[in-house]
Amino acid sequence: MFKLSEDGLKYVKSELTRYETKQSAIIRCLYRAQDENGGWVSPEVIQHLSEVMEIPAAQIEEVATFYTMFNKQKVGRYHVQVCCTLTCGMLGGRELTDAMMKEAGCKKTGETSADGLFTFSKVECLGSCDTAPMLQINRDPYIESLSTEKAVQLVRDLRAKAKGH
Amino acid sequence: MLKCTLNGREVEVKEGTTIIEAFYQNKIDIAHYCWHPGLSIAGVCRLCMVEIEGNPRLQIACNTVVTEGMKVNNQSAKVKEAVKWGLDFHLINHPLDCPICDQAGECGLQDQYMKYGQYDSEMAEAKQKKHKVVDLGPRVVLDSERCILCSRCVRFTDEVSKTNELGIFNRGDRAEIGTFNGKPLANKYSINTVDICPVGALTSKDFRFRQRVWFLKDAETVCTGCSTGCNVKVYYNREGLFRVKPVYNSEVNGHWMCDEGRDVYKFVNKESRLLDARVVSGVKSEHMTAFEAAKRVGEKLKGAGKTVGLVLTGSYTVEEYEAILSYFKTEVGTDRVFHWINNPESFEGFDGLLLRGDRNPNTRGLVQAMQKHGLTAQWKELTEALSTGSIQTLVVAGPENQVWFPDFKVKVAELSKATRLIWMTSGKSSALDELKGEVTLIPMKSYIEKSGTFVNHTGRAQTIRPVTSIVKGALSLTEVVTAFRGEALQGSEVVPGRSENEVGRGRIHNEFTLSRGTW
Amino acid sequence: MAESKYLTEHYGKPEYCTLDGYKKLGGYQVLEKALKMQPQQIIDEVKASGLRGRGGAGFATGVKWGFLPNNGEPRYLLCNADESEPGTFKDRLMMERAPHQLIEGMIISAFAIKAKKAYIYIRGEYTGPAAILEKAIAEAKAAGYLGKNILGSGFDLDLDLYIGAGAYICGEETGMISSLEGLKGQPKLKPPFPAVQGYLRKPTIVNNVETLAAVTYIIRDGAAGYRKYGTEKSAGTKLFSISGNVNKPGTYEVPLGYKLMDLINIECGGMKPGRKLKAVVPGGSSAPVITAEECERATLDYECLAQMGTMLGSGAIIVIDDSNCMVDVLSTITHFYHHESCGQCTPCREGTGWMEKIVHGIVHGEGKPGDIDLLLKIADQMKGRTICALSDAAALPVLSFVTKFRDEFEYFIREKKSKVRGGQIYAQMHA
Numbered sequence: 002m003f004k005l006s007e008d009g010l011k012y013v014k015s016e017l018t019r020y021e022t023k024q025s026a027i028i029r030c031l032y033r034a035q036d037e038n039g040g041w042v043s044p045e046v047i048q049h050l051s052e053v054m055e056i057p058a059a060q061i062e063e064v065a066t067f068y069t070m071f072n073k074q075k076v077g078r079y080h081v082q083v084c085c086t087l088t089c090g091m092l093g094g095r096e097l098t099d100a101m102m103k104e105a106g107c108k109k110t111g112e113t114s115a116d117g118l119f120t121f122s123k124v125e126c127l128g129s130c131d132t133a134p135m136l137q138i139n140r141d142p143y144i145e146s147l148s149t150e151k152a153v154q155l156v157r158d159l160r161a162k163a164k165g166h
Numbered sequence: 016m017l018k019c020t021l022n023g024r025e026v027e028v029k030e031g032t033t034i035i036e037a038f039y040q041n042k043i044d045i046a047h048y049c050w051h052p053g054l055s056i057a058g059v060c061r062l063c064m065v066e067i068e069g070n071p072r073l074q075i076a077c078n079t080v081v082t083e084g085m086k087v088n089n090q091s092a093k094v095k096e097a098v099k100w101g102l103d104f105h106l107i108n109h110p111l112d113c114p115i116c117d118q119a120g121e122c123g124l125q126d127q128y129m130k131y132g133q134y135d136s137e138m139a140e141a142k143q144k145k146h147k148v149v150d151l152g153p154r155v156v157l158d159s160e161r162c163i164l165c166s167r168c169v170r171f172t173d174e175v176s177k178t179n180e181l182g183i184f185n186r187g188d189r190a191e192i193g194t195f196n197g198k199p200l201a202n203k204y205s206i207n208t209v210d211i212c213p214v215g216a217l218t219s220k221d222f223r224f225r226q227r228v229w230f231l232k233d234a235e236t237v238c239t240g241c242s243t244g245c246n247v248k249v250y251y252n253r254e255g256l257f258r259v260k261p262v263y264n265s266e267v268n269g270h271w272m273c274d275e276g277r278d279v280y281k282f283v284n285k286e287s288r289l290l291d292a293r294v295v296s297g298v299k300s301e302h303m304t305a306f307e308a309a310k311r312v313g314e315k316l317k318g319a320g321k322t323v324g325l326v327l328t329g330s331y332t333v334e335e336y337e338a339i340l341s342y343f344k345t346e347v348g349t350d351r352v353f354h355w356i357n358n359p360e361s362f363e364g365f366d367g368l369l370l371r372g373d374r375n376p377n378t379r380g381l382v383q384a385m386q387k388h389g390l391t392a393q394w395k396e397l398t399e400a401l402s403t404g405s406i407q408t409l410v411v412a413g414p415e416n417q418v419w420f421p422d423f424k425v426k427v428a429e430l431s432k433a434t435r436l437i438w439m440t441s442g443k444s445s446a447l448d449e450l451k452g453e454v455t456l457i458p459m460k461s462y463i464e465k466s467g468t469f470v471n472h473t474g475r476a477q478t479i480r481p482v483t484s485i486v487k488g489a490l491s492l493t494e495v496v497t498a499f500r501g502e503a504l505q506g507s508e509v510v511p512g513r514s515e516n517e518v519g520r521g522r523i524h525n526e527f528t529l530s531r532g533t534w
Numbered sequence: 006m007a008e009s010k011y012l013t014e015h016y017g018k019p020e021y022c023t024l025d026g027y028k029k030l031g032g033y034q035v036l037e038k039a040l041k042m043q044p045q046q047i048i049d050e051v052k053a054s055g056l057r058g059r060g061g062a063g064f065a066t067g068v069k070w071g072f073l074p075n076n077g078e079p080r081y082l083l084c085n086a087d088e089s090e091p092g093t094f095k096d097r098l099m100m101e102r103a104p105h106q107l108i109e110g111m112i113i114s115a116f117a118i119k120a121k122k123a124y125i126y127i128r129g130e131y132t133g134p135a136a137i138l139e140k141a142i143a144e145a146k147a148a149g150y151l152g153k154n155i156l157g158s159g160f161d162l163d164l165d166l167y168i169g170a171g172a173y174i175c176g177e178e179t180g181m182i183s184s185l186e187g188l189k190g191q192p193k194l195k196p197p198f199p200a201v202q203g204y205l206r207k208p209t210i211v212n213n214v215e216t217l218a219a220v221t222y223i224i225r226d227g228a229a230g231y232r233k234y235g236t237e238k239s240a241g242t243k244l245f246s247i248s249g250n251v252n253k254p255g256t257y258e259v260p261l262g263y264k265l266m267d268l269i270n271i272e273c274g275g276m277k278p279g280r281k282l283k284a285v286v287p288g289g290s291s292a293p294v295i296t297a298e299e300c301e302r303a304t305l306d307y308e309c310l311a312q313m314g315t316m317l318g319s320g321a322i323i324v325i326d327d328s329n330c331m332v333d334v335l336s337t338i339t340h341f342y343h344h345e346s347c348g349q350c351t352p353c354r355e356g357t358g359w360m361e362k363i364v365h366g367i368v369h370g371e372g373k374p375g376d377i378d379l380l381l382k383i384a385d386q387m388k389g390r391t392i393c394a395l396s397d398a399a400a401l402p403v404l405s406f407v408t409k410f411r412d413e414f415e416y417f418i419r420e421k422k423s424k425v426r427g428g429q430i431y432a433q434m435h436a
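Residue numbers (my numbering), protein chains in the order written: chain A, 2 to 166; chain B, 16 to 534; chain C, 6 to 436.
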């Protein structure tokens with residue numbers, strides 16, 4: 002069963018009173034719980050938050066499934082989200098994703114590579130069209146102005162980095 | 016009051032009335048799925064489009080308040096085109112499984128299609144796949160592909176039952192209603208979600224696959240499940256009753272009823288009923304008609320005085336109480352009448368919405384009748400009288416819903432101490448069948464088979480009428496009194512069937528989409 | 006005319022994003038002036054400036070503020086930093102380079118509309134800008150620009166940041182309010198409008214980042230000073246996000262009324278070598294596309310683009326050259342709206358998916374002869390039928406792409422391959 006860490010619990014408690022209503026804390030608390038649960042929001046996460054926040058689980062589930070940044074399935078250590086909308090689409094975002102997936106060993110978007118490192122998503126406009134194509138890993142700063150070569154190298158670098166640790 | 020024009024007809028409405036309410040109040044058809052008078056306005060089905068003079072954009076009638084002089088039209092070509100497309104948008108991902116869908120015959124999509132559609136769908140692409148046959152809870156099944164996401168059921172659990180089990184998860188055309196992680200939709204009002212579902216997405220486990228709705232007749236009556244007295248409609252055929260749905264009454268139940276009230280029909284159907292009278296005397300047991308049995312009892316009751324006691328439950332009508340109490344007081348000559356309260360500890364309970372602890376439709380009527388006749392005997396006097404033998408003959412009427420009398424078996428044992436026991440009830444029971452000694456069992460009519468008045472917990476008198484006949488020869492208490500006197504019955508009260516008008520209404524409209532009670 | 010660095014004057018200076026640097030460059034001086042004015046004077050000045058909402062709808066800001074009822078209820082100021090219209094990235098630049106510029110604009114605006122509580126709603130993916138804003142808000146609080154009795158004026162303002170989690174629809178003001186309330190970001194029925202019943206059913210004003218930042222400049226220079234830029238009906242400067250097939254994509258601030266082709270050719274260094282302009286989406290993905298020929302006549306102001314049947318929108322200009330297949334470009338747009346439809350209103354929920362399936366089919370060589378007309382019919386019936394404008398936003402690009410580049414769609418359906426790119430198979434959105 003998932004349980005927030007002590008710090009996580011403190012965080013949730015303080016967020017509950019941060020906004021006018023406690024419901025407004027759901028998004029931030031889901032982020033926190035997702036981080037503590039290895040990058041995804043499992044039913045246990047929602048059940049736990051529902052109890053801690055005293056908000057019906059169905060309401061939290063509605064929020065968790067409405068917004069794309071909550072993963073309802075397990076993801077790899079690097080959740081690579083490549084923008085494929087309009088400008089990024091025109092400038093190769095989709096092809097670039099496919100090349101990265103091939104390098105990482107993922108057959109489909111949403112599927113995690115066998116080494117547990119990579120999950121790819123083709124996502125909608127991330128608001129960085131002047132540096133297209135671009136991507137975001139987890140919730141980290143954007144990686145911009147990519148080419149297929151650079152993107153494939155990124156996968157190799159990340160793999161090397163992960164092995165180094 | 017404000018004046019406005021609906022489809023060229025000038026009408027008056029109260030200030031604050033929405034256009035859709037104005038259409039309903041004036042009995043003018045208007046298409047819609049998500050609007051329901053008992054719920055908040057969602058404005059999402061976009062079907063109740065109207066053209067308002069002076070406004071180039073079509074507006075939704077459910078969220079637009081009538082203003083003085085407003086000219087509204089929902090029959091223009093522009094509106095019809097929008098409604099036709101509105102329907103098509105609803106249908107493109109909807110499975111065409113009407114032949115196996117329980118909603119068929121009372122489905123909002125079918126009804127609209129017959130009115131505005133009747134064309135070939137232009138959708139050639141693959142439909143969105145969603146969850147089928149989801150076991151939502153003890154009473155409700157969900158087919159997500161049929162769901163049109165009107166959100167009525169979700170609003171119901173948020174706003175009416177306030178149990179918050181349902182949600183709409185995911186977004187866009189991937190959105191699906193459901194409960195969190197398979198948690199059951201188990202509130203005491205869950206079948207209302209089935210009623211208000213305009214399509215076959217939510218179906219009742221109890222009713223699904225049992226009967227095509229167009230083979231059922233319906234009639235309005237009052238729920239006998241508790242002292243609230245919800246106004247209901249029963250659906251039946253020659254075999255008996257199949258389901259119960261609420262009928263709108265702002266003074267009693269609003270738009271809703273509880274799930275337990277839906278089960279009342281089960282006590283009415285033949286398989287639960289006492290089918291003929293039985294007179295047991297020692298080892299001898301004789302079957303006969305209810306009338307004959309009652310007549311024989313009457314011969315012995317007349318003038319028997321205070322050795323006779325009468326036990327009444329709150330299941331009978333005002334008229335029946337009057338008949339039997341007058342008879343016992345004046346012709347039997349006893350004032351030893353006792354009110355059997357089934358669950359004294361929870362009798363005053365109330366769940367905050369509709370369901371009351373008093374699981375009788377007419378406790379108030381019984382209490383009033385006893386007061387009128389100056390009958391004040393307490394139950395403990397009966398207990399004493401039975402042990403001392405000062406009451407030898409005991410006549411018991413009820414209960415009609417044995418399952419809600421948790422003390423039923425205990426009471427049967429207690430009351431059977433009487434030398435002679437006459438038990439009148441519509442329901443069969445092994446406890447009664449096993450009684451030994453001098454026992455007469457008389458089958459009674461259920462509330463579906465008789466007329467009369469129930470007084471609910473607020474003192475509101477509500478009339479019931481005979482709907483259908485289920486047990487031939489069963490009697491009402493009034494008829495029992497006639498038989499006691501040895502007089503002939505004045506024909507049958509039961510008028511089976513219903514008017515053509517009623518038949519038509521149920522069949523053409525889905526009342527929960529298009530009309531409900533006065534809506 | 007050339008680029009006019011007005012709001013962006015100091016964007017090149019890294020210190021501008023710190024409180025000290027911002028103050029050294031004149032920051033928070035306008036606030037001191039504003040707090041000595043009457044709130045109504047500020048509203049009047051904003052009205053007189055002709056400032057129109059920079060988020061997309063272009064509604065007059067002063068007029069919007071005027072809708073607030075005087076019923077004594079608490080009111081809220083909500084800054085729309087969701088920036089989710091495809092092609093738009095100027096607010097991100099503003100928040101990264103000048104967080105205090107936004108905060109100062111918000112304090113002045115909140116003072117004008119008498120709001121004691123303000124929120125910045127920032128999209129969840131913008132974790133970098135969010136961190137910058139959090140820091141700047143803390144700095145401003147510590148310096149007494151936020152909190153109780155700001156600069157001794159008696160005015161209190163609490164400002165907090167709210168983070169989204171990935172939903173285009175939260176850029177719609179009532180979707181944003183739902184999200185801020187901790188719900189799904191589904192737009193609310195109107196009426197009531199947010200100015201009357203918004204966040205928690207209290208009067209709420211929602212303004213874009215750029216709009217709020219501009220308020221400071223209107224108070225600093227007066228309405229007349231602000232009106233030195235732009236045209237009569239489209240006053241001031243505007244930040245344009247330009248992306249696509251130009252040599253120097255980026256954010257450029259130019260006065261409204263600036264020529265589109267000048268922006269492309271001068272600021273953005275023109276098209277890539279050997280390539281010709283084919284089309285431009287001038288105001289974010291929901292703005293109807295215009296052809297190269299139409300671009301020659303286009304000036305960047307609300308009126309001109311409206312006359313051409315498109316819109317200035319958020320100022321997101323996507324430049325498309327002749328190497329692009331318009332069917333493919335549209336397929337990313339239809340995919341986007343299908344993905345982002347919140348799902349409440351049936352025409353949008355079902356229509357966006359239907360249109361995507363049809364366009365997707367064409368791109369994959371499965372197009373059918375009736376597809377074009379069907380697309381046009383669906384799109385037409387999605388317009389003006391729903392609670393919010395997402396349905397229209399999804400319909401307009403379909404209508405314009407299919408109408409203006411019909412030959413490419415017909416070719417694709419007939420030949421099962423792209424007129425522009427031939428037999429090249431496209432990577433799919435759904436892998």
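The beta carbon of each residue, even a glycine, is placed where N, CA and C say it ideally should be.
Model, not experiment: these values are computed from the prediction.
Of the residues B:Glu363, B:Met385 and B:Gly367, which one's Cα is nearest the Cα of Asn375 (chain B)?
Position 360 of the second sequence, counted from the first residue, corresponds to residue 375 (chain B). Here the closest residue by C-alpha is B:Glu363.
By DSSP, does His80 (chain A) sit in helix, in strand, or in coil?
The residue labelled residue 80 (chain A) in the question sits at position 79 within the first sequence. In this structure, His80 (chain A) counts as strand in the three-state DSSP scheme.
Beta-carbon separation of Ile113 (chain C) and Ile210 (chain C) under 8 Å?
Along the third sequence, read from residue 1 onward, the residue named residue 113 (chain C) stands at position 108. Along the third sequence, read from residue 1 onward, the residue named residue 210 (chain C) stands at position 205. Their beta carbons are not under 8 Å apart, which means Ile113 (chain C) does not touch Ile210 (chain C) by this criterion.
Does DSSP put Asp131 (chain A) in a helix, a strand or coil?
For the purposes of this step, residue 131 (chain A) is taken as the residue at position 130 of the first sequence. Reduced to three states, the DSSP call for Asp131 (chain A) is helix.
For Gln125 (chain B) and Phe230 (chain B), I'd like the C-alpha separation in whole angstroms.
Walking along the second sequence from the start, residue 125 (chain B) turns up at place 110. Walking along the second sequence from the start, residue 230 (chain B) turns up at place 215. Going by the C-alpha atoms only, they are around 17 Å apart.
Can you tell me the Cβ-Cβ gap for Pro134 (chain C) and Arg97 (chain C), rounded? I've got them flagged as a contact below 8 Å.
Residue numbering aside, residue 134 (chain C) sits at position 129 when the third sequence is read from its first letter. Residue numbering aside, residue 97 (chain C) sits at position 92 when the third sequence is read from its first letter. Indeed they touch by this definition, with Cβ atoms about 6 Å apart.
By a C-beta neighbour count over all protein chains shown, 10 Å radius and 16 as the cutoff for buried, is Phe499 (chain B) buried or exposed?
Position 484 of the second sequence, counting from 1, holds the residue named residue 499 (chain B). It is buried - the Cβ of Phe499 (chain B) has at least 16 other Cβ atoms within 10 Å.
Thinking just about the alpha-carbon of each residue, which of C:Phe410, C:Pro352 and C:Leu379 is nearest to the one in Asp397 (chain C)?
Here residue 397 (chain C) refers to the residue found at position 392 when the third sequence is read from its first residue. With distances taken between Cα atoms, Asp397 (chain C) lies closest to C:Pro352.
Please go through the segment 338-417 of chain B and give each complete alpha helix (DSSP H) segment of 4 or more residues, from N-terminal end onward.
Those alpha helix (DSSP H) runs which fall completely within the segment 338-417 of chain B and span 4+ residues are 378-387 and 394-403.
So Ala170 (chain C) and Phe3 (chain A) are supposed to be a Cβ contact under 8 Å. How far apart are they, rounded?
Looking up residue 170 (chain C) in the third sequence gives position 165. Looking up residue 3 (chain A) in the first sequence gives position 2. Wrong, their Cβ atoms sit about 19 Å apart, outside the cutoff.
Would DSSP call Pro511 (chain B) helix, strand or coil?
As a first step, residue 511 (chain B) is located in the second sequence; it is residue number 496 there, counting from the start. Here the model assigns Pro511 (chain B) a pLDDT of 44, short of 50, so the residue's position is not dependable, and the following value carries that caveat. Of the three classes helix, strand and coil, the one that applies to Pro511 (chain B) here is coil, per DSSP.
Is the beta carbon of Ala190 (chain B) less than 8 Å from the beta carbon of Gly348 (chain C)?
If you number the second sequence from 1, residue 190 (chain B) lands on position 175. If you number the third sequence from 1, residue 348 (chain C) lands on position 343. Closer than 8 Å, so yes.
Since Ala123 (chain C) sits in a beta bridge, which residues does DSSP pair it with?
For the purposes of this step, residue 123 (chain C) is taken as the residue at position 118 of the third sequence. Bridge partners of Ala123 (chain C): C:Leu82 and C:Leu164.
Pick helix, strand or coil for Lys253 (chain C), following the three-state DSSP scheme.
Counting from one through the third sequence, the residue named residue 253 (chain C) turns up at place 248. Three-state DSSP puts Lys253 (chain C) in coil, outside helix and strand.
Of all the residues that make up the segment 332-348 of chain C, which are near chain A by a beta-carbon distance shorter than 7 Å?
Taking 7 Å as the Cβ-Cβ cut-off against chain A, the residues of the segment 332-348 of chain C that qualify are Val334, Thr337, Ile338, Phe341, His344 and Glu345.
Run through chain A and tell me which residues come within less than 7 Å of Thr93 (chain C), C-beta to C-beta.
Position 88 of the third sequence, counted from the start, is the residue given in the question as residue 93 (chain C). Residues of chain A passing the Cβ test: Gly128.
Can you name, in chain order, every residue of its own chain whose Cβ lies under 8 Å from the Cβ of Asp333 (chain C), other than the five neighbours on each side?
As a working note, residue 333 (chain C) is residue 328 in the third sequence. So the list reads Val368, Ser423, Arg426 and Tyr431, once near-sequence residues are dropped.
Buried or exposed for Gly367 (chain B), please, with buried defined as at least 16 other CB atoms from any protein chain shown within 10 angstroms of its CB.
Here residue 367 (chain B) corresponds to residue number 352 of the second sequence, with the count starting at 1. Counting Cβ neighbours within 10 Å, Gly367 (chain B) comes out exposed, since fewer than 16 surround it.
Pick from B:Asp44, B:Gly58, B:Val80 and B:Ala76: whose alpha carbon is nearest that of Gln29 (chain B)?
On the second sequence, residue 29 (chain B) is found 14 positions in, with the first residue counted as 1. Checking the displayed sequence, the identity of residue 29 (chain B) turns out to be Lys instead of Gln. Measuring from the Cα of Lys29 (chain B), the nearest candidate turns out to be B:Val80.
Could you tell me the alpha carbon to alpha carbon distance between Val156 (chain A) and Ser114 (chain A), rounded to whole angstroms?
Here residue 156 (chain A) is taken as the residue at index 155 of the first sequence, counted from 1. Here residue 114 (chain A) is taken as the residue at index 113 of the first sequence, counted from 1. Looking at the two C-alpha atoms, the distance is approximately 12 Å.
Between Lys285 (chain B) and Val496 (chain B), is the Cβ-Cβ spacing less than 8 Å?
Within the second sequence, numbered from 1, the residue matching residue 285 (chain B) stands at position 270. Within the second sequence, numbered from 1, the residue matching residue 496 (chain B) stands at position 481. No, these two residues do not count as a Cβ contact at 8 Å.
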